[in-house]
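A.B. asks: First to last, the protein sequences are chains A and B.
With our numbering as the guide, the letters of the first sequence map in order to residues 5 to 116.
With our numbering as the guide, the letters of the second sequence map in order to residues 816 to 928.
Built from N, CA and C at the ideal position, the CB exists for glycine as well.
Bear in mind the structure is a predicted one, so any value in this text is a computation, not a measurement.
Provided herewith is a single structure, encoded as structure tokens, for subsequent inquiry.
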Amino acid sequence: AQKVTQAQTEISVVEKEDVTLDCVYETRDTTYYLFWYKQPPSGELVFLIRRNSFDEQNEISGRYSWNFQKSTSSFNFTITASQVVDSAVYFCALYNNNDMRFGAGTRLTVKP
Amino acid sequence: DARVTQTPRHKVTEMGQEVTMRCQPILGHNTVFWYRQTMMQGLELLAYFRNRAPLDDSGMPKDRFSAEMPDATLATLKIQPSEPRDSAVYFCASGRDQNNEQFFGPGTRLTVL
Chain A
5 AQKVTQAQTE
15 ISVVEKEDVT
25 LDCVYETRDT
35 TYYLFWYKQP
45 PSGELVFLIR
55 RNSFDEQNEI
65 SGRYSWNFQK
75 STSSFNFTIT
85 ASQVVDSAVY
95 FCALYNNNDM
105 RFGAGTRLTV
115 KP
Chain B
816 DARVTQTPRH
826 KVTEMGQEVT
836 MRCQPILGHN
846 TVFWYRQTMM
856 QGLELLAYFR
866 NRAPLDDSGM
876 PKDRFSAEMP
886 DATLATLKIQ
896 PSEPRDSAVY
906 FCASGRDQNN
916 EQFFGPGTRL
926 TVL
């Protein structure tokens, strides 16, 4: 069975701090896709990134970066120089074989 | 700016009543997903359509839930009869391919009394 674990339930940081959100996944398949979504207080889920299992290149997009390590089945997300607007719940998700599994989410609070 | 739309945004009903939630996927998208979000269970995939055909609804309680796509511009999720444990936010998402980015709608917040 597929599973996504986000061990950090809540994280609180002060603005400008860097923060890393952890994601560990389980799957028996070699082909799969990993996602990160952001859910701000408004409630809508916003897509951040998609990664397929054959692409282990790390990615940077502005203040966001992702570290995909197949050896440890992890797909961690780092926000550099966090801002108050980054406050949200962040979900990691795994897709394969018509099955999309979300982690429980990490609530990030960035204080001014 | 294309968006997935969902109606109603909020629904309060009494136990036993039928509830229908509607979703309009983004034009040109061929996949539609229904999710339920609760505090206890988090985000759960209920059903998944590709090219209007249901591919997977194993996450959906079959006795009371049904999902359909009468046409490419409309997806429906129906609960009959509704129960208090169905109270949740129901999200619809659409995409161009099942492996690609899913664009989420704003959700329907359902409260069953």
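1. For residue 108 of chain A, would you say it is in contact with chain B, using Cβ-to-Cβ distances shorter than 8 Å as the test?
2. Would you give the residue range spanned by the beta strand (DSSP E) that residue 887 of chain B belongs to?
3. I'd like to check one pair, residue 872 of chain B with residue 887 of chain B: are the Cβ atoms closer than 8 Å?
4. So who's on the other strand from residue 115 of chain A, going by DSSP bridges?
5. What are the start and end residues of each continuous beta strand (DSSP E) run of 3 or more residues lying completely inside the region 64-110 of chain A, in chain order?
6. In whole angstroms, give me the CA-to-CA distance for residue 100 of chain A and residue 37 of chain A.
7. For the beta strand (DSSP E) holding residue 842 of chain B, just list the boundary residues, first then last.
8. For residue 869 of chain B, which three-state DSSP category applies?
9. Between which two residues does the beta strand (DSSP E) harbouring residue 905 of chain B extend?
10. For a contact meaning CB atoms closer than 8 Å, what does residue 848 of chain B contact in chain A?
11. For the region 873-893 of chain B, enumerate the residues whose C-beta is nearer than 9 Å to any C-beta of chain A, in chain order.
12. Once the 5 residues before and after residue 91 of chain A are set aside, which same chain residues still bring their CB inside 7 Å of it?
13. According to DSSP, what are the bridge partners of residue 862 of chain B?
14. Residue 900 of chain B by DSSP, collapsed to three states: which one?
15. Closer than 9 Å by beta-carbon distance: list the chain A residues that pair up with residue 915 of chain B, in chain order.
16. Within its chain, find whatever has a CB closer than 7 Å to the CB of residue 902 of chain B; leave out the 5 residues flanking it on each side and keep chain order.
17. Does residue 857 of chain B get closer than 8 Å to chain A when you measure Cβ to Cβ?
18. Can you find the residues in the same chain that come closer than 8 Å, C-beta to C-beta, to residue 88 of chain A, ignoring five residues on each side of it along the sequence?
19. Could you check how far apart the C-beta atoms of residue 79 of chain A and residue 55 of chain A are, in whole angstroms? I think they sit under 8 Å.
20. Going by CA-CA distance only, name the one from A:62, A:33, A:95 that's closest to residue 25 of chain A.
21. Could you give the distance in angstroms between the alpha-carbon of residue 57 of chain A and the alpha-carbon of residue 71 of chain A?
C.D. replies: In brief:
1. yes
2. Counting along the chain, residue 887 of chain B falls outside any beta strand (DSSP E), and DSSP gives it neither H nor E.
3. no
4. A:18
5. List check, beta strand (DSSP E) in window: 68-73, 78-83, 92-100, 103-106.
6. 7 Å
7. Segment: none, residue 842 of chain B is in no beta strand (DSSP E) and carries neither H nor E.
8. strand
9. Counting along the chain, residue 905 of chain B sits inside the beta strand (DSSP E) bounded by residues 903-910.
10. 104
11. 873, 874
12. 112, 113, 114, listed in sequence order.
13. B:849
14. helix
15. Simply 37, 54.
16. Only 925, 926, 927 meet the Cβ criterion.
17. Yes, contact with chain A.
18. 19, 114, 115, 116
19. That belief holds up - the Cβ atoms of residue 79 of chain A and residue 55 of chain A are roughly 7 Å apart, short of 8 Å.
20. A:95
21. If I take the Cα positions, the gap works out to 13 Å.
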